[in-house]
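Novice:
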Amino acid sequence: MPAGHFSPLRRFDAVICDIDGCLAPESSAPFNAQALIRVAEHNHAAQTRLDRPIVTVCSGRPEPFVEAMCRLIANRTLPAIAENGVWLYHPSTNAYDRDPSITPEHLRTVRDAAAWVEADLGPTGVVMQPGKSCSISLYHDNTEYLRRLEPVVRARAERESWPLRISMTWLYINCDLAHISKGTALERWIAATGIPSDRLAGIGDTPSDLPIADRVAFFACPGNAMPAIRSRANTIARSDEAEGVVEILQEMVGSQGR
Numbered sequence: 541m542p543a544g545h546f547s548p549l550r551r552f553d554a555v556i557c558d559i560d561g562c563l564a565p566e567s568s569a570p571f572n573a574q575a576l577i578r579v580a581e582h583n584h585a586a587q588t589r590l591d592r593p594i595v596t597v598c599s600g601r602p603e604p605f606v607e608a609m610c611r612l613i614a615n616r617t618l619p620a621i622a623e624n625g626v627w628l629y630h631p632s633t634n635a636y637d638r639d640p641s642i643t644p645e646h647l648r649t650v651r652d653a654a655a656w657v658e659a660d661l662g663p664t665g666v667v668m669q670p671g672k673s674c675s676i677s678l679y680h681d682n683t684e685y686l687r688r689l690e691p692v693v694r695a696r697a698e699r700e701s702w703p704l705r706i707s708m709t710w711l712y713i714n715c716d717l718a719h720i721s722k723g724t725a726l727e728r729w730i731a732a733t734g735i736p737s738d739r740l741a742g743i744g745d746t747p748s749d750l751p752i753a754d755r756v757a758f759f760a761c762p763g764n765a766m767p768a769i770r771s772r773a774n775t776i777a778r779s780d781e782a783e784g785v786v787e788i789l790q791e792m793v794g795s796q797g798r
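Just so you know, we're using the numbering used here here: the sequence shown kicks off at 541 and counts up by one.
(1) For the segment 693-759, which segments carrying the alpha helix (DSSP H) assignment without a break, of at least 4 residues, lie completely within its bounds, in sequence order?
(2) Are the segment 755-766 and the segment 558-566 touching by the rule of at least three beta carbon pairs closer than 8 Å?
(3) Would you mind giving the Cβ-Cβ distance between I613 and V595, rounded to the nearest angstrom? I have them listed as a contact below 8 Å.
(4) Name the one or two DSSP bridge partners that H630 has.
(5) Put I769 into one of helix, strand or coil per three-state DSSP.
(6) Can you tell me whether P619 is buried or exposed? The criterion is at least 16 other CB atoms within 10 Å of its CB, across all chains shown.
(7) Does the segment 767-774 come within contact of the segment 582-597, defined as at least 3 CB pairs closer than 8 Å?
(8) Taking 6 Å as the limit between beta carbons, can you name the residues of its chain near A777, skipping five residues before and five after?
(9) Three or more C-beta pairs closer than 8 Å, one from the segment 645-654 and one from the segment 589-609: is that the case here?
(10) Could you have a look at V666 and say whether DSSP puts it in helix, strand or coil?
(11) To which residues of the same chain is R687 closer than 8 Å at the C-beta, ignoring the five residues directly before and after it?
(12) Relative to the C-alpha of P703, which residue among E791, L689, L647 is closest?
(13) Assess, as a yes-or-no matter, whether the segment 627-643 is touched by the segment 734-744 under the definition of 3 or more beta carbon pairs within less than 8 Å.
(14) Give a yes or no on whether the minimum CB-CB distance between E581 and chain D is below 8 Å.
(15) Would you report the Cα separation of P570 and A782, rounded to the nearest angstrom?
(16) Rounded to a whole number of angstroms, what is the C-alpha to C-alpha distance between P747 and A753?
(17) Leaving out five residues before and five after C705 in sequence, what residues of the same chain have Cβ atoms less than 7 Å from its Cβ?
(18) Taking the continuous beta strand (DSSP E) assigned at I594, which residues delimit it?
(19) Determine the direct distance from the alpha carbon of Q574 to that of S675, and round the result to whole angstroms.
(20) Can the beta-carbon of Y712 be found closer than 8 Å to that of S677?
(21) Alpha carbon to alpha carbon, how far is A554 from M766?
(22) DSSP three-state label for I642, please.
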């Protein structure tokens, strides 16, 4: 393990944290700036005193969003995971690392699926989230209508033999390459950093974060977490979203002395 990542002063060296529903709302609501300042203060201490785990992010959001969140929470050392596992962003070197298993054929699949969405679902008001390169996320301002489209999208993917995993978040339908996930990215992350799973903690709020829970020694949820993932948590915060993340971090730091 790289000496810069391991510290005997802390139980865990890193916290792998989701963004939507954890550090930020999935909706267009403003960030909880005060809570994120506290996460940044935590990270400043983690990277100077080495007495608490560094918080990095693991999200389905496009890479530019993830990169901006790293800067906001002052993670300047550990890789971050973007686009549900497609990208590792390395803030220490400003490098971007796409999963090497993604082929030109996979990219054609994503383009074909996007063309179908635009032609068949676009007229109903469905739009694709900008910024993604190897996946698509569908949005409609009527979330209940979008939920009814999930089986339609899944059926089309099966009919076309598109190797896509279809899943619903709070507000989006995600269409990801089936062999790429937060879990595969976290395995790449572990290989890149040398930090083993038993030195990792995780925070998530939806079933898409189960791959994080499967690969960390301690998993926590904010108070707004979906029932399907709450059962996997070692602890659940009383507060929602970013306030819940701060609460979890405070609990982790406090427990190190016990």
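Beta carbons are placed, not taken as given, at the ideal position from N, Cα and C, and that holds for glycine. Please read all numbers here as calculations on a predicted model, not as lab measurements.
Specialist: The answer reads as follows:
(1) Those alpha helix (DSSP H) runs which fall completely within the segment 693-759 and span 4+ residues are 722-733, 750-753.
(2) Enough Cβ pairs lie closer than 8 Å, so yes.
(3) Rounded to whole angstroms, the Cβ separation of I613 and V595 is 6 Å, and the two are in contact under 8 Å.
(4) Beta-bridge pairing by DSSP links H630 to A635.
(5) Three-state result, I769: helix.
(6) Taking all protein chains in view, the Cβ of P619 is crowded by 16 or more other Cβ atoms within 10 Å, so the residue is classified as buried.
(7) With a cut-off of 8 Å, the segment 582-597 and the segment 767-774 do not count as touching, because too few Cβ pairs lie within range.
(8) So the qualifying residues of the chain are P762, G763, G784, E787, I788.
(9) The segment 645-654 vs the segment 589-609: no contact.
(10) It is coil, neither helix nor strand.
(11) In its chain, beyond the 5 residues on either side, M708 have a beta carbon closer than 8 Å to the beta carbon of R687.
(12) Proximity to P703 across E791, L689, L647 peaks at L647, based on C-alpha coordinates.
(13) Fewer than three beta-carbon pairs drawn from the segment 734-744 and the segment 627-643 are found closer than 8 Å, and the two stretches are therefore not classed as touching.
(14) Given the protein chain composition of this structure (a single chain), no chain D is represented.
(15) Straight-line Cα distance between these residues: approximately 11 Å.
(16) Near 10 Å, if we compare the C-alpha coordinates of A753 and P747.
(17) Position check: residue 705 holds Arg in this sequence, whereas Cys was assumed. Cβ within range, chain order: D716, A718.
(18) Unbroken beta strand (DSSP E) run through I594: 594-597.
(19) Cα to Cα, the separation comes out at about 32 Å.
(20) In this structure, the beta-carbon distance from Y712 to S677 falls below 8 Å.
(21) In a straight line, the C-alpha of A554 is about 23 Å away from that of M766.
(22) When DSSP states are grouped into helix, strand and coil, I642 belongs to the coil group.
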